[in-house]
Amino acid sequence: MEAPMDEVKETNKKRKKIAIIVFTAIALIGAIILFFYLRYKATHITTDDAFIVGRIHTIASKVAGTVKAIYVKDNQSVKKGNLLLEIDPVDYEVRVNEATSGLSAENARLLELDAKIEASKKQLSELHTAMEVAKAKLELQDANLKQAEIDIKRAENLYKKDAISKEKYEKTMTAYNVTLAQVKAAKEQLKQTEMAVETQKAVVRQVEAAKTSQLSAIKEKEAKLKAAQLNYGYTKIIAPSDGYVTKKSVEVGNQIDVGQPLMAIVSLDDIWITANYKETQLENVKPGQKVEIKVDMYPGKTFRGTIDSIMAGTGAVFSLFPPENATGSYVKVVQRIPVKIVLEKGEDPERILRIGMSIVPTILVKDE
Numbered sequence: 003m004e005a006p007m008d009e010v011k012e013t014n015k016k017r018k019k020i021a022i023i024v025f026t027a028i029a030l031i032g033a034i035i036l037f038f039y040l041r042y043k044a045t046h047i048t049t050d051d052a053f054i055v056g057r058i059h060t061i062a063s064k065v066a067g068t069v070k071a072i073y074v075k076d077n078q079s080v081k082k083g084n085l086l087l088e089i090d091p092v093d094y095e096v097r098v099n100e101a102t103s104g105l106s107a108e109n110a111r112l113l114e115l116d117a118k119i120e121a122s123k124k125q126l127s128e129l130h131t132a133m134e135v136a137k138a139k140l141e142l143q144d145a146n147l148k149q150a151e152i153d154i155k156r157a158e159n160l161y162k163k164d165a166i167s168k169e170k171y172e173k174t175m176t177a178y179n180v181t182l183a184q185v186k187a188a189k190e191q192l193k194q195t196e197m198a199v200e201t202q203k204a205v206v207r208q209v210e211a212a213k214t215s216q217l218s219a220i221k222e223k224e225a226k227l228k229a230a231q232l233n234y235g236y237t238k239i240i241a242p243s244d245g246y247v248t249k250k251s252v253e254v255g256n257q258i259d260v261g262q263p264l265m266a267i268v269s270l271d272d273i274w275i276t277a278n279y280k281e282t283q284l285e286n287v288k289p290g291q292k293v294e295i296k297v298d299m300y301p302g303k304t305f306r307g308t309i310d311s312i313m314a315g316t317g318a319v320f321s322l323f324p325p326e327n328a329t330g331s332y333v334k335v336v337q338r339i340p341v342k343i344v345l346e347k348g349e350d351p352e353r354i355l356r357i358g359m360s361i362v363p364t365i366l367v368k369d370e
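Under our numbering, the first residue of the sequence shown is numbered 3, with each subsequent residue one higher.
Structure below.
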């Protein structure tokens, strides 16, 4: 009876040893798995709160009118400068023609004023010449008058002494009176000429002022023509960048207003990822680190990227209604900080990624 009992005890001992070994092995394997898992978590920062972002150009008209033609359709690829649609340009063409005619008329008026200024200045120059002649004539008459005064005084003395005849004295007196009258006439002529010069100067100033005003009028007409030409050019709406047409909401014949959204151009050449990481995940994250990117739509593909930048604040701070924690009870919530991730060059040559797609980025962080 003792032998079987010893065998049972021996068997139980073996089973305990095996159990201990198995448990130890499982614990060791679990520890190893936990170690590598924690190491992975420490060097691979992941979030599923991430989306593809890009530039969306809303296409709107700068002028109102009727849509004459549309040259694109939804999801069509376009190049920068491609004609998207055209607004009926007839009204705007009329305005350009009116502005052109108005500018031509003002330019013609300017030519007339230039001719008047030239003629007025020429006449002023002639009057200046006449004034100089009148001055010279007056100087000559003044000299003659001085000589006539000398002659008449001499004649009076001689006549009193009966040295000359009365006839000769009277002749000298007549010559003096004639010279005196000539001096008065020369003075009056000079005065009239000077008045004419001043009057003509005023005419020149008036015409020049009219020219200045005309130049201002021409600038206004030029501005009006430029505005009309711009509006005429705005009747042709072109693509602002390469991309794809989306959200087209206009058809031929529609009446559109200024600023009315007509369609959008989505550029797939310049897309990036906004990943909202928890603040507790970003201790060792910095720009330049590599990122592995999984896209829900393509589970079998992995894209590569790089951290471009980290926003200078949490998403809540820049929300429409930022939180106010100064009043009431406070519950601590882990904040999320947007991280901008850019794809490495050549990662999406076929442009299969689309704006708004959900993605799972994993930042590869080295041990610090």
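Ideal Cβ positions, reconstructed from N, Cα and C, are used throughout, including at glycine. On a predicted model such as this, the values are computed, not experimentally measured, just so you know.
- Scanning Phe305, Gln337, Ser311 and Gly307 for the CA closest to the CA of Gly317 turns up Gln337.
- Segment contact: the stretch 287 to 295 against the stretch 306 to 314, three or more CB-CB distances shorter than 8 Å; contact assigned.
- In the three-state reduction of the DSSP assignment, Asn286 falls in the coil class.
- Here Gly67 is buried, its C-beta having at least 16 other C-beta atoms within 10 Å.
- The straight-line gap separating the alpha-carbon atoms of Pro363 and Lys347 is approximately 17 Å.
- Residue environment: Thr131 is assigned as exposed (fewer than 16 neighbouring CB atoms within 10 Å of its CB, all protein chains considered).
- By DSSP's assignment, His46 forms a beta bridge with Leu366.
- Per DSSP, Val135 is one residue of the alpha helix (DSSP H) stretching across Val92 to Lys162.
- Approximately 12 Å separates the beta-carbon atoms of Gly83 and Ile267; this is outside 8 Å, ruling out the contact.
- Cα atoms of Leu126 and Ala117: separation of roughly 14 Å, rounded to the nearest angstrom.
- When secondary structure is reduced to three states using DSSP, Gln202 falls in the helix class.
- Here DSSP, grouped into helix, strand and coil, assigns Gln191 to helix.
- Here Ile54 has Ile273, Ile275, Leu355, Arg356, Ile357, Gly358, Met359 and Ile361 as same chain residues with Cβ atoms under 7 Å from its own Cβ, once five neighbours each way along the sequence are excluded.
- Linking Lys123 to Val209 through their CA atoms gives a straight-line distance of about 10 Å.
- Here Gln216 is not near Arg57, since their CB atoms are 7 Å or more apart.
- Judged by beta-carbon spacing, Val252 lies within the 7 Å limit of Val69, meaning their Cβ atoms are closer than that value.
- DSSP places Lys342 in the strand class (E or B) of the three-state scheme.
- Check the Cα spacing between Glu196 and each of Ile34, Ser269 and Glu128: the tightest is with Glu128.
- Around the C-beta of Lys170, fewer than 16 other C-beta atoms lie within 10 Å, and the residue is accordingly described as exposed.
- Contact annotation: Ala188 and Gln143 have beta-carbon atoms nearer than 7 Å.
- Judged by pairs of C-beta atoms under 8 Å, the stretch 101 to 109 does not touch the stretch 139 to 158, as fewer than three such pairs exist.
- Beta-bridge analysis with DSSP links Leu87 to Ile72 and Ile239.
- Residue state for Val180 is assigned as helix, using DSSP reduced to three classes.
- Of the residues assessed, Ile22 falls on the exposed side of the cut-off, its CB having fewer than 16 other CB atoms within 10 angstroms.
- Taking 7 Å as the cut-off, the beta carbon of Ile154 is found no closer than this to the beta carbon of Thr176.
- Within 10 angstroms of the beta-carbon of Lys221 lie fewer than 16 other beta-carbons, which makes it exposed.
- Taking Leu264 as reference, the option from Ile20, Lys228, Ile166 and Lys75 with the minimal CA-CA separation is Lys75.
- Nearest to Asp90 by C-alpha distance, out of Asn233, Lys81 and His46, is Asn233.
- A direct Cα-Cα distance of roughly 14 Å separates Val135 from Ala198.
- The beta carbons of Val367 and Ala277 sit no closer together than 7 Å.
- In this structure, Thr237 lies away from Tyr73, with their beta-carbon atoms at least 7 Å apart.
- With 16 or more other Cβ atoms from the protein chains shown falling within 10 Å of its own Cβ, Lys223 counts as buried.
- Rounded to the nearest angstrom, the gap between the Cα atoms of Ala107 and Leu140 is 49 Å.
- With respect to Tyr279, Thr49 sits close: the two C-beta atoms are nearer than 7 Å.
- Cβ-Cβ separation between Ser63 and Val260: approximately 6 Å, consistent with a contact (criterion under 8 Å).
- Counting along the chain, Glu294 sits inside the beta strand (DSSP E) bounded by residues Lys292 to Val297.
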